[in-house]
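This report concerns only the one structure given below.
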Amino acid sequence: MNRALPKPIATKQKNMNKEKLNINNEPQITEQSKQFGFEAIVRRRNNYTINADCLDILKHLPDKSFDFTVTDPPYNLGRSYDEQYNDNRNDYRLWCEQWFSEVKRLSKYAVVFSIGLKNLNMWYAIEQPAWIYNWFKGNNMGSGSKYTNIGVWEPYLVYGELKKKLGIDGRYVPVVPQPDASFHDCPKPLKLIQNIVEDFTDEDDYILDPFAGSFTTAVACLRTGRKHFSIEQSRLYYEKGLDRTSNVSKILNNDFGLFEVST
96 MNRALPKPIA TKQKNMNKEK LNINNEPQIT EQSKQFGFEA IVRRRNNYTI
146 NADCLDILKH LPDKSFDFTV TDPPYNLGRS YDEQYNDNRN DYRLWCEQWF
196 SEVKRLSKYA VVFSIGLKNL NMWYAIEQPA WIYNWFKGNN MGSGSKYTNI
246 GVWEPYLVYG ELKKKLGIDG RYVPVVPQPD ASFHDCPKPL KLIQNIVEDF
296 TDEDDYILDP FAGSFTTAVA CLRTGRKHFS IEQSRLYYEK GLDRTSNVSK
346 ILNNDFGLFE VST
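Quick note on numbering: the numbering used here labels position 99 of the sequence shown as 194, and the sequence is numbered without any gaps.
The following block contains the structure:
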């Protein structure tokens, strides 16, 4: 069954409280909101967050809307995420092919994302990457492999063109507690994502993250002078992530844009 394009609410983060954001209810659609189309949003290249299934949004965005995609999709490991996530999909490969096709269409340059070692063969079968960027963890993490119990590295696949030659093809970043991201079951280290953002992109680049999760990519963008367009399906993660990015934005004195859509 075809789903209609979700109707948006466009607002600004400054001087807004949770009551005005309507956090506990479905977004209210106003006549003023109808004038905001996705084409106008990406043309302005402002920071936006959207609470929706990414496939419902990506297909409606214009080609080459973003400079890069940096994201961390679910690995299909059966983890206990928020109830709106299905991390045990029978159609996982087909689903990956669908969102991957969209983010390639939408990105002017590279698409960079983590896959988990378990899914490396599947992704090579979908499309061989241009490069692998390595995250060296250096501490005890479950590998998801039948061969080892401990994983000390994880691949980030790189597809598409680069704007600049990388100075390094990986980073050593241990996994450490992140109190402001503790609402998520498996947040990536902020230092790692900030390294990736800085290694691949330039200031003022517009970065798509269709699986915002803990909103670490959005935080990395705010801290490094990039713009982000973040999509998150889980209402819980969206609300917590919005609080996280809002707090960072206030510290940095950034103008943080909010864009809500109903799911």
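Glycine included, C-beta positions come from ideal geometry on N, C-alpha and C.
Contact between Asp-280 and Ser-175 holds, since their C-beta atoms are separated by about 6 Å, short of 8 Å.
A straight line joining the alpha-carbon of Pro-282 with that of Ala-135 spans about 31 Å. By the CB criterion at 8 Å, Pro-169 and Phe-278 fall outside the cutoff. The beta-carbon distance between Tyr-204 and Lys-258, rounded to whole angstroms, is 5 Å. This is short enough to meet the 8 Å contact definition.
With fewer than 16 neighbouring CB atoms inside 10 Å of its own CB, Glu-298 falls in the exposed class. For Lys-322, the pairing in a beta bridge is given by DSSP as Tyr-301. Comparing alpha-carbon positions, the option among Met-217, Val-247 and Gln-223 lying closest to Phe-231 turns out to be Val-247. In the DSSP assignment, Leu-252 is bridged to Phe-208 and Ile-227. The beta strand (DSSP E) runs lying completely inside the stretch 269-313 and spanning 3 residues or more are 301-304, given in chain order.
For Arg-266, the uninterrupted beta strand (DSSP E) run begins and ends at 265-267, by DSSP. Comparing alpha-carbon positions, the option among Gln-273, Ile-291 and Arg-318 lying closest to Gly-262 turns out to be Ile-291. Residue state for Asn-214 is assigned as helix, using DSSP reduced to three classes. Collapsing the DSSP output to three states places Asn-183 in coil.
The bridge partners DSSP lists for Glu-192 come to none.
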